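Q: Residue numbers (this note's numbering): -2 to 391.
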């Protein structure tokens, strides 16, 4: 028995030594960091040769304290997105690894293309995460990636923050990833959407509305300060059957988020008795479905608890102990505001003939026996039934 125990101990010692040897002498298939760059974001533009693809990457360098990671931006050209990425490899000698790519930006030129043709490479490449966020911008994606945020970080990181889950949960951005775009686009409604990015410049490079002016007429940013960019994603680009169908404004985007659900705290401004109230909505619950009863009816149900976050003429410190209780008139004004925003969204869908609300999908999923009857003209035939109730938070 002792001999057997000794053999086992020797075996484990040899195994540990062998593993240590492999650890310090082998990269286990990992590419040498000097031969690769970690792509954090990809921008796609349509060019005369086909596609222009810009990769924003973090290039690992030997650690020497601060600044051990360098950021670079490289553009390649090709008949397809895959060929353009290969062109980046030819130019730099760095192979663009997309396993850490968390953002895909489509330039304005992609509006004329089928969105799923543009994104085809990202679905075919097994290393691209399907959780990567997707958005569209005005102008070129290359130029957007080239902007420098105020904090000096990579522009792709700043854009991702503008599309964060926190902003989505507050109904300020309609964030989607590659997987969701495929799911929505592949449904019976054949429609999808993505955030539309806007960029505001401030600083010495050209004062915008975002930069205040001092009494002498100059920018309060200071003449020697470098221009910086601020990214917002409050609007939404919508697509139908792979084609660009338009852009939703901020209020329509808010309505889209409310209907999709998952909202934690939304903020709405409403006027009552000549006074503006900013109201926070929590405990948000929404449901919309298609019913077939004397025609097709889109039933929209929304519930929330509200509290006043600010008002024009009733400061909390000057109010009584019941300041948290909202007047019925204010609640009614908020309900009407929510209804107006959803109505605007539905009317836009009907007028454009684009089913980005997923009405056909709902019809097929829950009223399949009526699908053939209403499928062709569901947007034109649908009636809307609202059931919106907001109560004061306790």
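Each residue gets a CB set at the ideal place from its N, CA and C atoms; glycine is no exception. Note that the structure is a prediction, hence the values are computed from the model and not measured.
From the DSSP output, in three-state form, read off residue 254 for me.
A: helix
Q: Identify the continuous beta strand (DSSP E) that holds residue 385 and give its terminal residues.
A: Unbroken beta strand (DSSP E) run through residue 385: 380 to 389.
Q: Decide yes or no for the touch test of the stretch 257 to 277 against the stretch 124 to 143: beta carbon pairs closer than 8 Å, at least 3 of them.
A: Touching, no, given that fewer than three Cβ pairs across the two stretches are closer than 8 Å.
Q: What is the rounded straight-line gap between the Cα of residue 256 and the Cα of residue 144?
A: 33 Å
Q: What number of angstroms, rounded off, separates the C-alpha of residue 169 from the C-alpha of residue 283?
A: 16 Å
Q: Look at residue 390 and residue 267 and say whether their C-beta atoms are less than 8 Å apart.
A: no
Q: Assuming residue 107 and residue 41 form a contact by the criterion Cβ under 8 Å, report the distance between their Cβ atoms to the nearest whole angstrom.
A: 6 Å
Q: Kindly give me the distance between the Cβ atoms of residue 85 and residue 52, rounded to whole angstroms, as I take these residues to be in contact under 8 Å.
A: The Cβ separation is near 6 Å, so the contact holds.
Q: Give me the Cα-Cα distance between residue 183 and residue 385, rounded to the nearest whole angstrom.
A: 31 Å
Q: Give me the DSSP bridge partner(s) of residue 323.
A: None, per the DSSP bridge assignment.
Q: Helix or strand or just coil, what does DSSP make of residue 96?
A: coil
Q: In chain order, what residues of the same chain lie with their CB nearer than 6 Å to the CB of residue 383, ignoring the 5 residues before and after it?
A: Beyond the five residues adjoining it in sequence on each side, residue 383 comes within less than 6 Å, by CB distance, of 297 and 336 in the same chain, given in chain order.
Q: Taking residue 236 as the reference, which of 375, 254, 351 and 3 has the closest Cα?
A: Ranking 375, 254, 351 and 3 by Cα distance to residue 236 puts 351 first.
Q: Any heavy atom of the ligand GDP closer than 7 Å to the CB of residue 356?
A: The ligand GDP is not among the ligands present in this structure, which contains no ligands whatsoever.
Q: Output the boundary residues of the beta strand (DSSP E) element that contains residue 243.
A: 240 to 245
Q: Less than 8 Å between the C-beta atoms of residue 290 and residue 363, yes or no?
A: no
Q: Taking 8 Å as the threshold (C-beta atoms), are residue 379 and residue 295 in contact?
A: yes
Q: Comparing C-alpha positions only, which one of 156, 93, 165 and 280 sits nearest to residue 252?
A: 165
Q: Compare the Cα-Cα distances from residue 96 to each of 54, 160 and 195 and report the closest residue.
A: 54
Q: In the DSSP assignment, find the unbroken alpha helix (DSSP H) run with residue 170 in it and report its ends.
A: Careful: residue 170 lies outside any alpha helix (DSSP H) and carries neither H nor E.
Q: Using only CA atoms, which one of 158, 371, 187 and 375 lies nearest to residue 227?
A: 158
Q: Short of 7 Å in beta carbon distance, which residues of its chain neighbour residue 280, apart from the five on each side in sequence? Order them along the chain.
A: 301 and 302
Q: Between which two residues does the beta strand (DSSP E) holding residue 191 run?
A: Its beta strand (DSSP E) spans residues 188 to 199.
Q: What residues are listed by DSSP as bridge partners for residue 232?
A: 193
Q: For residue 12, write down the residues that DSSP places opposite it in a beta bridge.
A: Bridge partners of residue 12: none, in fact.
Q: Curious, which full-length beta strand (DSSP E) runs of at least 3 residues does the stretch 122 to 183 contain?
A: 130 to 134
Q: For residue 109 versus residue 43, is the C-beta distance shorter than 8 Å?
A: With a cutoff of 8 Å on beta-carbon distance, residue 109 and residue 43 are scored as near each other.
Q: Which residues bound the beta strand (DSSP E) around residue 293?
A: That run of the beta strand (DSSP E) goes 293 to 308.
Q: In its own chain, which residues sit with a C-beta less than 7 Å from the C-beta of residue 358, not counting the 5 before and 5 after it?
A: 184, 185 and 186
Q: Go ahead and pull the three-state DSSP assignment for residue 270.
A: Correct three-state label for residue 270: coil.
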